[in-house]
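Visitor: Residue 47 is where the sequence shown starts when you use my numbering, and the numbers rise one by one after that.
Glycine included, every Cβ here is placed at the ideal spot set by N, Cα and C.
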Amino acid sequence: MKIRNGLSKFQETIQPSMQPVYSELENGQSPETLFITCSDSRISPNLITQTDPGEIFVIRNAGNIVPKPGTGELAVEGTIEYAVQALKVKHIVVCGHAKCGAVGGLLDLGGLDALPAVKEWVKKSEAVLEKVADCDEASKGPEAIKANVMLQLDHLMEYDYVKAAVDKGDLELHGIVYNFGSGEVDYLTDGEF
Ligand SMILES: [Zn+2]
Numbered sequence: 047m048k049i050r051n052g053l054s055k056f057q058e059t060i061q062p063s064m065q066p067v068y069s070e071l072e073n074g075q076s077p078e079t080l081f082i083t084c085s086d087s088r089i090s091p092n093l094i095t096q097t098d099p100g101e102i103f104v105i106r107n108a109g110n111i112v113p114k115p116g117t118g119e120l121a122v123e124g125t126i127e128y129a130v131q132a133l134k135v136k137h138i139v140v141c142g143h144a145k146c147g148a149v150g151g152l153l154d155l156g157g158l159d160a161l162p163a164v165k166e167w168v169k170k171s172e173a174v175l176e177k178v179a180d181c182d183e184a185s186k187g188p189e190a191i192k193a194n195v196m197l198q199l200d201h202l203m204e205y206d207y208v209k210a211a212v213d214k215g216d217l218e219l220h221g222i223v224y225n226f227g228s229g230e231v232d233y234l235t236d237g238e239f
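1. Name the two residues that bound the continuous alpha helix (DSSP H) containing Thr125.
2. Using the beta-carbon count (16 or more within 10 Å), is Tyr128 buried or exposed?
3. Is there at least one non-hydrogen atom of ligand 1 closer than 7 Å to the beta-carbon of Cys146?
4. Distance, Cα to Cα, Glu238 vs Gly118?
5. Between the Cα of Glu218 and those of Val67, Gly227, Glu72 and Val208, spot the shortest distance and give me the residue it belongs to.
6. Can you tell me which of Gln75, Arg50, Leu93 and Pro162 puts its alpha carbon nearest to the alpha carbon of Gly229?
7. Okay, do the segment 81-90 and the segment 129-143 touch, 3+ Cβ pairs below 8 Å being the bar?
8. Would you mind sorting Gly221 into buried or exposed? The rule is 16 or more other CB atoms within 10 Å of its CB.
9. Would you decide whether Val195 is buried or exposed? Buried here means 16 or more other CB atoms lie within 10 Å of its CB.
10. Under 8 Å between the Cβ atoms of Val168 and Gly109?
11. So what does DSSP say about Gly221, is it helix, strand or coil?
12. Can you find a heavy atom of ligand 1 that lies under 7 Å from the Cβ of Gly221?
13. Rounded to a whole number of angstroms, what is the C-alpha to C-alpha distance between Asp86 and Leu202?
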């Protein structure tokens, strides 16, 4: 009942207070940002970015992973294509987070034998393992979370239309890591967004 009660409460109290926003959105959406983050329940994209409905287009999956283009991951690829080619977003933000279980799984692939689909999925970030190979045990996890975000920015640049838009100055890519425990955000790239 938690979800149904929440929907009712939203309908009765929040929706009326935001009616101008929702009425405007009936005409369409023009978000400036594609926000790519983890499915982790501790991340609430609109809450942590203080954005309203209509302001961020969102992709979520375990580990905020962007597969390279042409790998058949159409749920991600098609959504990036729509954001960049149809919605013409100006920013793509890849948001990793502290204590990410997907990245933890990547660092211990043997522990994912009972979750074969998860294992195959996180292996799309396997290049992270080389980047943290020299880290000590204490820093390996946090550094892998950062390296995982940066890897997805590299993967995004392999999409022809992303690279073309970035080269033209119409699109900027950004990487951040959000720490839900403290609210701190690590900005891994420069730029305003
Ligand atoms: Zn995660």
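Guide: Well, looking at it:
1. As a working note, residue 125 is residue 79 in the sequence shown. Taken as a continuous stretch (DSSP letters only), the alpha helix (DSSP H) holding Thr125 covers Leu120 to Glu127.
2. Within the sequence shown, the letter at position 82 stands for residue 128. Tyr128 is exposed by the Cβ-count criterion.
3. Stepping through the sequence shown from its first residue, residue 146 is reached at position 100. Indeed, a heavy atom of ligand 1 lies less than 7 Å from the Cβ.
4. Residue mapping note: residue 238 aligns to position 192 of the sequence shown, counting from 1. Residue mapping note: residue 118 aligns to position 72 of the sequence shown, counting from 1. Approximately 32 Å between the Cα atoms of the pair.
5. Stepping through the sequence shown from its first residue, residue 218 is reached at position 172. If we check each option's Cα against that of Glu218, Val208 comes out closest.
6. Reading the sequence shown from its first residue, position 183 is the one you call residue 229. Distance check between Gly229 and each of Gln75, Arg50, Leu93 and Pro162 places Leu93 closest, using alpha-carbon atoms only.
7. yes
8. Locating residue 221 in the sequence shown gives position 175, where the first residue counts as 1. The residue is buried, with at least 16 neighbouring Cβ atoms inside 10 Å.
9. Position 149 of the sequence shown, counting from 1, holds the residue named residue 195. Val195 comes out buried.
10. The residue given as residue 168 occupies position 122 in the sequence shown. The residue given as residue 109 occupies position 63 in the sequence shown. Closer than 8 Å, so yes.
11. In the sequence shown, residue 221 corresponds to position 175, counting from 1. It is a strand residue.
12. Walking along the sequence shown from the start, residue 221 turns up at place 175. Checking every heavy atom of ligand 1 against the Cβ of Gly221, none is found closer than 7 Å.
13. Here residue 86 refers to the residue found at position 40 when the sequence shown is read from its first residue. Here residue 202 refers to the residue found at position 156 when the sequence shown is read from its first residue. Approximately 21 Å between the Cα atoms of the pair.
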